[in-house]
Amino acid sequence: MSLTIYDTLEYAGLRLLDIIAFVLSNIIVATGYAFVNYPNASTLVLSVLTLYIFYKMIRRIVRFWLNMMVAMIKFTVIMLFLTVLAAVYVRGFNRFFTKDIYFLKELFTSQAEASDFLFKQYAYNLMDDDRFEFLHGARDFFEGSSFLIDDSYEYGETYDQFKNVLNDAIGEDGFQQLNALFNNRNH
9 MSLTIYDTLE YAGLRLLDII AFVLSNIIVA TGYAFVNYPN ASTLVLSVLT LYIFYKMIRR
69 IVRFWLNMMV AMIKFTVIML FLTVLAAVYV RGFNRFFTKD IYFLKELFTS QAEASDFLFK
129 QYAYNLMDDD RFEFLHGARD FFEGSSFLID DSYEYGETYD QFKNVLNDAI GEDGFQQLNA
189 LFNNRNH
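Sequential numbering of the sequence shown, starting at 9, is according to this note's numbering.
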């Protein structure tokens with residue numbers, strides 16, 4: 009009968025399990041003997057061993073989180089660099105560094121230090137200014153729009169009042185289409 013690799017690995021695995029079982033059983037016997045005959049020393053050794061294990065675990069956890077934070081910072085810096093390169097490529101070197109950087113700086117500072125009103129006022133000034141050609145489409149859209157928002161608008165408290173307000177806002181035809189849409193979704 010010839011031995012195959014499978015038989016050899018099985019035999020080696022069984023012998024390894026025998027050795028592990030022998031070592032663990034002797035460790036249990038030795039630990040029990042030490043706790044019976046030397047309780048203070050055994051408690052001290054077990055406490056030191058437990059503290060060492062906790063120290064190693066906490067050290068690995070902290071190292072893992074620090075490495076993750078460093079990796080996230082590296083990723084953010086690389087993505088920011090690639091974004092700037094893409095913006096320079098798309099907008100052109102001169103335009104990006106002479107106009108777009110100042111636009112972004114003023115946008116972030118006005119958003120961070122001022123209220124929502126100042127941010128909206130700055131955005132309107134950008135749309136009204138001819139220097140920023142990429143906003144002409146947005147300016148044309150908003151100037152050509154026909155919708156009006158009335159802040160003093162009351163929506164009504166009952167269904168009939170709300171229906172009348174909605175009918176006035178979108179017209180009879182729009183209200184019927186909206187009603188048909190909701191009825192189709194409910195069925």
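Beta carbons are placed, not taken as given, at the ideal position from N, Cα and C, and that holds for glycine.
C-alpha gap between residue i and residue j, whole angstroms
i, j, result
"SER55", "ILE61", "10 angstroms"
"LYS82", "LEU57", "37 angstroms"
"MET76", "LEU115", "31 angstroms"
"SER50", "THR39", "8 angstroms"
"ALA42", "VAL53", "10 angstroms"
"LYS64", "SER33", "26 angstroms"
"ILE35", "ARG67", "27 angstroms"
"GLU92", "TRP73", "Note that residue 92 is Val in the sequence shown here, rather than Glu. Computed Cα separation, rounded: 28 angstroms."
"ILE13", "ARG71", "41 angstroms"
"LEU59", "VAL31", "23 angstroms"
"GLY3", "ASP15", "Residue 3 lies beyond the residue range present for the chain, which begins at 9 and ends at 195; the question has no answer from this structure."
"ALA188", "ASN172", "17 angstroms"
Three-way DSSP call (helix, strand, coil) for residue i in this model
i, result
"THR12", "coil"
"TYR46", "coil"
"GLY40", "helix"
"GLY21", "helix"
"PHE155", "Because PHE155 sits at a pLDDT of 49, beneath the cut-off of 50, its placement in the model cannot be relied upon, and the point is left open."
"SER160", "Because SER160 carries a pLDDT of 49, less than 50, the predicted location of this residue cannot be relied on, and no value is offered for it."
Near the ligand HEM: residue i beta-carbon under 7 angstroms from a heavy atom
i, result
"LEU93", "Absent from the structure shown: the ligand HEM. Ligands present: none."
Chain E within 8 angstroms of residue i, Cβ atoms only
i, result
"ALA38", "Annotation note: the requested chain E is absent from the structure, which comprises a single protein chain."
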